[in-house]
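S.K.: In the UniProt record's numbering, the protein residues as written are 1 to 192.
1) Quick one: residues in its chain with C-beta nearer than 8 Å to the C-beta of residue 114, no 5 flanking neighbours on either side, listed in chain order?
2) Does the segment 61-79 come close enough to the segment 116-132 that 3 or more CB-CB pairs lie under 8 Å?
3) Please state whether the Cβ-Cβ distance between residue 29 and residue 44 is less than 9 Å.
4) Just to confirm, is the Cβ distance from residue 146 to residue 89 under 9 Å?
5) Assign residue 192 to buried or exposed, taking buried as 16 or more other Cβ atoms, counted over all protein chains shown, within 10 Å of its Cβ.
6) Measure the beta-carbon distance from residue 42 to residue 52 and round it to whole angstroms, keeping in mind my assumption that it falls under 8 Å.
7) Is the beta carbon of residue 106 sitting closer than 9 Å to the one on residue 142?
8) Assuming residue 97 and residue 148 make a contact with CB atoms under 8 Å, what is their CB distance in whole Å?
9) Residue 81 and residue 136: beta carbons closer than 9 Å?
10) How close, in whole Å, do the beta carbons of residue 110 and residue 134 come, if the pair is a contact with beta carbons under 8 Å?
11) Quick one: what's got a C-beta closer than 6 Å to residue 95's C-beta in the same chain, skipping five residues either side?
12) Reducing DSSP to helix, strand and coil, say where residue 35 ends up.
13) Tell me the residue span of the alpha helix (DSSP H) that contains residue 79.
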């Protein structure tokens with residue numbers, strides 16, 4: 001039993017080796033002057049600044065603002081991505097009209113878009129919301145589009161054969177297509 005506990009303890013400690021070594025190297029390099037303190041402050045100064053920001057409430061306020069931007073950008077980008085994915089997934093003419101442009105914009109790296117967006121909108125809330133919305137839009141759009149396109153044709157045929165109206169077909173569509181749309185949401189929350 002002792003061997004097992006030791007093994008589990010060792011297994012739990014191994015992932016911490018590299019971060020601890022980085023902090024030790026960071027401390028040694030800043031205190032000995034290898035790295036200037038104005039370029040990389042020592043770890044203790046970082047901890048003191050963190051505590052100061054925590055005590056005066058500035059950190060909580062800034063985290064609240066960032067959370068608000070993230071949620072609003074998620075709602076805007078997710079709504080537009082879901083709507084366009086739904087439209088392009090259902091109507092081939094809409095896909096033919098819109099998908100090429102969306103795919104061209106999707107292939108532009110987001111880092112390359114930042115200077116252009118700043119030139120157009122400045123450095124304000126709109127810019128930040130637009131960039132967050134763009135980051136959310138594409139995964140939601142792609143997963144919704146492919147979720148609808150990967151519907152089992154037999155379900156659609158069954159709906160047509162049984163002369164279901166659109167309202168009665170909705171449960172088949174939503175259950176079958178929602179799994180990929182929800183996959184896009186899951187990917188976004190795990191995205192670093």
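Beta carbons are placed, not taken as given, at the ideal position from N, Cα and C, and that holds for glycine.
M.R.: Once the coordinates are examined:
1) Position 114 of the chain shown, counted from the first residue, corresponds to residue 114. Contacts found: 131.
2) Flag = yes, the segment 116-132 and the segment 61-79 touch.
3) Here residue 29 refers to the residue found at position 29 of the chain shown. Here residue 44 refers to the residue found at position 44 of the chain shown. The Cβ atoms of residue 29 and residue 44 lie no closer than 9 Å to each other.
4) In the chain shown, the residue the question calls residue 146 occupies position 146. In the chain shown, the residue the question calls residue 89 occupies position 89. Contact: yes.
5) Walking along the chain shown from the start, residue 192 turns up at place 192. Confidence at residue 192 is low in this model, with a pLDDT of 49, below 50, so the placement of that residue should be treated as unreliable; the coordinate-derived value is given next. Around the beta carbon of residue 192, fewer than 16 other beta carbons sit within 10 angstroms, so the residue counts as exposed.
6) Here the question's residue 42 lines up with position 42 in the chain shown. Here the question's residue 52 lines up with position 52 in the chain shown. The beta-carbon distance between residue 42 and residue 52, rounded to whole angstroms, is 15 Å. This is too long to meet the 8 Å contact definition.
7) Residue mapping note: residue 106 aligns to position 106 of the chain shown, counting from 1. Residue mapping note: residue 142 aligns to position 142 of the chain shown, counting from 1. Their beta carbons are under 9 Å apart, which means residue 106 touches residue 142 by this criterion.
8) Here residue 97 is taken as the residue at index 97 of the chain shown, counted from 1. Here residue 148 is taken as the residue at index 148 of the chain shown, counted from 1. The Cβ separation is near 16 Å, so there is no contact.
9) For the purposes of this step, residue 81 is identified with residue 81 of the chain shown, where counting begins at 1. For the purposes of this step, residue 136 is identified with residue 136 of the chain shown, where counting begins at 1. With respect to the 9 Å criterion, residue 81 and residue 136 are classified as neighbours on the basis of their beta carbons.
10) The sequence position of residue 110 within the chain shown is 110, counting from 1. The sequence position of residue 134 within the chain shown is 134, counting from 1. Confirmed, about 7 Å.
11) Residue 95 sits at position 95 when you count from the first residue of the chain shown. For residue 95, the CB contacts under 6 Å within the same chain, skipping 5 residues up- and downstream, are 88 in chain order.
12) By one-based count along the chain shown, residue 35 stands at place 35. Residue state, collapsed to three classes: coil.
13) Within the chain shown, numbered from 1, the residue matching residue 79 stands at position 79. Secondary structure note for residue 79: its alpha helix (DSSP H) is the uninterrupted segment 58-90.
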